[in-house]
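A.B. asks:
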Amino acid sequence: SEPMSIGTQLDLPAEIQAAIQNAIAVVDAHMAGLNARDPDAIAASLHFPHYRLAGNAFKVWETSATYLDDFFARAGEGWARSQWNRQTVIHAEADKVHLDMEFTRFRADESELGTYRSIWVITRIEGRWAAQLRSSFAG
Numbered sequence: 081s082e083p084m085s086i087g088t089q090l091d092l093p094a095e096i097q098a099a100i101q102n103a104i105a106v107v108d109a110h111m112a113g114l115n116a117r118d119p120d121a122i123a124a125s126l127h128f129p130h131y132r133l134a135g136n137a138f139k140v141w142e143t144s145a146t147y148l149d150d151f152f153a154r155a156g157e158g159w160a161r162s163q164w165n166r167q168t169v170i171h172a173e174a175d176k177v178h179l180d181m182e183f184t185r186f187r188a189d190e191s192e193l194g195t196y197r198s199i200w201v202i203t204r205i206e207g208r209w210a211a212q213l214r215s216s217f218a219g
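Quick note on my numbering: the sequence shown kicks off at 81 and runs consecutively.
(1) Put residue 92 into one of helix, strand or coil per three-state DSSP.
(2) So, are the CB atoms of residue 198 and residue 214 less than 8 Å apart?
(3) Which term fits residue 103, buried or exposed, when burial requires 16 or more other beta carbons within 10 angstroms of its beta carbon?
(4) Leaving out five residues before and five after residue 110 in sequence, what residues of the same chain have Cβ atoms less than 6 Å from its Cβ?
(5) By alpha-carbon positions, which one of 200, 210, 207, 209 ends up nearest to residue 217?
(6) How should residue 122 be labelled, buried or exposed, when 16 other C-beta atoms within 10 angstroms of its C-beta is the threshold for buried?
(7) Does the pairing of the region 134-149 with the region 179-195 give three or more beta-carbon distances under 8 Å?
(8) Using a 10 Å radius around the Cβ and a threshold of 16 neighbouring Cβ atoms, would you call residue 117 buried or exposed?
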């Protein structure tokens, strides 16, 4: 079936609604795993290989082995937690959802390290929903 542009659809088919719910659950689980510093929870929220485009730099993780350490290296000095500010569906089909995301990184004293936008592509592969790739303005 054709991907749907969510901004133009009032009544979404059940399979599209389910895809969106699954995609949001994936990014929420990813954030919870990140904040818990739980490499297994983070790995469960990602497909591997996993792809990230930040600026002009393209990074590929073939496995989850270095993902969390790589995050800590780029998160900023004093990173304590992150939170989603916005999760907007751009397009959705039964097995793939594009999300326009915004998040903020915080220090332990709740001061902001930065707020960033990104596009996440969440896919269902062999029955499992996870993030396959993203493009971010974050470091």
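Yeah, the Cβ is synthetic: ideal placement off N, Cα and C, and Gly gets one too.
C.D. replies: Result, derived from the coordinates:
(1) The residue you call residue 92 lines up with position 12 of the sequence shown. Coil at residue 92, not helix or strand.
(2) In the sequence shown, residue 198 corresponds to position 118, counting from 1. In the sequence shown, residue 214 corresponds to position 134, counting from 1. The answer is yes: Cβ separation under 8 Å.
(3) Reading the sequence shown from its first residue, position 23 is the one you call residue 103. When all chains shown are included, residue 103 counts as buried.
(4) Numbered from 1 along the sequence shown, position 30 holds the residue referred to as residue 110. Contacts found: 125.
(5) As a working mapping, residue 217 is identified with position 137 in the sequence shown. Of the candidates 200, 210, 207, 209, the one whose C-alpha sits nearest the C-alpha of residue 217 is 200.
(6) Counting from one through the sequence shown, the residue named residue 122 turns up at place 42. Its Cβ being crowded by 16 or more others within 10 Å, residue 122 is buried.
(7) no
(8) Taking the first residue of the sequence shown as 1, we reach residue 117 at position 37. The residue is exposed, with fewer than 16 neighbouring Cβ atoms inside 10 Å.
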